[in-house]
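Residue numbers (this note's numbering): 3 to 228.
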């Protein structure tokens, strides 16, 4: 074999080993607007396109109408002793993650979160920022990571004009704040995804666009961390 061909093969293997073959884990969870998002429509195709040389594992576990305390096990209200946190949906999510990952090793983890409507309805907006930050730490600790990325979808504008829904605005502000305070965090705007009537849930096109926005933000965080 000629030296030039040997050099070419060696260089190809070297480049491949250093730039290709990474594995990225994307964990999607939340309540109804995450439950309504089908990752196969736009999220998964987008991350695979933007990370074309790598493996992307996408796991989703979501349930409508649920507060963050069903995920964050150390959740506490601003006042009083109740309601109590139980973390059952977090355990269900982790079971799904372990099943999807198996024995594979992954290079990055990005948590994608779309939730908050129930917390606003129950008037727990003032503890939402602390609760989500706690959930991120809980997930980081359980996965043994100190480099967890996260993308949070800000609640839409469907309750913005209702003066009796101040906790809705508190949750929106908390979602932006928690993302902007963390260099590994990002948030997406959903105000234009719920149709002309500013509905609570998004329309078909809205969910497709939401998946795309989540994917683009997630990949940007992955590339930023390299």
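The beta-carbon is built from N, C-alpha and C at its ideal position, and this holds for glycine as well.
Beta bridge counterpart(s) of residue i as assigned by DSSP
i, result
"residue 62", "30"
"residue 116", "32"
"residue 43", "Bridge partners of residue 43: none, in fact."
"residue 25", "57"
"residue 151", "112"
"residue 187", "152"
Residue i in three-state terms, based on DSSP
i, result
"residue 136", "helix"
"residue 176", "helix"
"residue 102", "helix"
"residue 38", "coil"
"residue 77", "coil"
"residue 219", "helix"
"residue 181", "helix"
"residue 201", "coil"
"residue 210", "helix"
"residue 127", "helix"
"residue 7", "Confidence in residue 7 is poor, its pLDDT being 41 and thus under 50, which makes the residue's placement unreliable; the coordinate value appears in the next sentence. The answer is helix: DSSP assigns residue 7 an H, G or I state."
"residue 121", "helix"
"residue 224", "helix"
"residue 20", "Only weak support is given to the placement of residue 20: the predicted model assigns it a pLDDT of 43, under 50, and the value that follows is read from those uncertain coordinates. Here residue 20 sits in helix by DSSP."
"residue 86", "coil"
"residue 48", "helix"
Presumed contact (8 Å Cβ cut-off) between residue i and residue j, rounded CB distance
i, j, result
"residue 168", "residue 115", "Rounded, the Cβ-Cβ distance is 22 Å, inconsistent with contact."
"residue 49", "residue 217", "5 Å"
"residue 39", "residue 212", "6 Å"
"residue 192", "residue 158", "5 Å"
"residue 37", "residue 65", "6 Å"
"residue 61", "residue 46", "Residue 61 to residue 46, Cβ: 11 Å. No contact."
Residue i at chain C interface by Cβ criterion, 7 Å
i, result
"residue 221", "Of the protein chains in the structure, only one exists, and it is not chain C."
Residues of its chain near residue i, where Cβ-Cβ distance is below 8 Å and the 5 sequence neighbours each way are ignored
i, result
"residue 134", "70, 74, 115, 154, 176, 177, 180"
"residue 96", "144"
"residue 224", "26, 53, 110, 112, 151"
Own chain, CB closer than 7 Å to residue i, minus 5 neighbours either side, in chain order
i, result
"residue 219", "153, 188, 190"
"residue 124", "69"
"residue 147", "111"
"residue 67", "33, 34, 120"
"residue 106", "25"
"residue 201", "160"
Same chain, Cβ closer than 6 Å to residue i, neighbours up to 5 away in sequence not counted
i, result
"residue 122", "169, 170, 173"
"residue 44", "210, 213, 214"
"residue 161", "167, 170"
"residue 92", "73"
"residue 138", "152"
ask   = Between the segment 79 to 86 and the segment 25 to 43, do at least 3 Cβ pairs fall closer than 8 Å?
value = no
ask   = Can at least three beta-carbon pairs, one atom from the segment 145 to 162 and one from the segment 111 to 130, be found at a separation below 8 Å?
value = Here the segment 145 to 162 makes contact with the segment 111 to 130; the two share three or more CB pairs at distances below 8 Å.
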